[in-house]
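These notes concern the structure reproduced below.
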Amino acid sequence: MSSIGGQKRVPMFEKMDDQIMDAMSDRLKPVLYTECSCIVREGDPVNEMLFIVRGELESITTNGGRTGFSNSDILKA
Numbered sequence: 001m002s003s004i005g006g007q008k009r010v011p012m013f014e015k016m017d018d019q020i021m022d023a024m025s026d027r028l029k030p031v032l033y034t035e036c037s038c039i040v041r042e043g044d045p046v047n048e049m050l051f052i053v054r055g056e057l058e059s060i061t062t063n064g065g066r067t068g069f070s071n072s073d074i075l076k077a
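Residue numbering for the sequence shown follows the UniProt record's numbering, starting at 1 and increasing by one per position.
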């Protein structure tokens with residue numbers, strides 16, 4: 001998602017100024033994770049915004065809670 005067009009499809013960015021979107025695009029770094037990769041561990045600080053562009057994300061907590069995401073409207077970019 002290295003273009004403003006891709007980001008503008010995300011509801012929270014629809015009305016954002018193009019200058020800010022350009023600055024954000026300049027800082028995006030694509031990362032590819034393989035199946036069963038751990039992206040963030042519960043309790044670890046997250047100092048960046050993560051976009052799921054394709055695939056599925058499963059969230060698991062230490063108390064056994066699970067939430068599955070699969071390119072839903074909330075996560076589409």
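Here a beta-carbon is modelled for each residue, glycine too, at the ideal position from N, C-alpha and C.
Counting along the chain, residue 52 sits inside no beta strand (DSSP E), nor does DSSP assign it H or E at all. In the DSSP annotation of this structure, the continuous segment of the alpha helix (DSSP H) that includes residue 25 starts and ends at 18-27. Residue range 57-60 is occupied by the beta strand (DSSP E) that includes residue 60.
The beta carbon of residue 61 sits closer than 8 angstroms to the beta carbons of 42 from its chain, once the five residues preceding and following it are set aside; these are given in chain order. Between residue 28 and residue 51, the gap from beta carbon to beta carbon is short of 9 angstroms.
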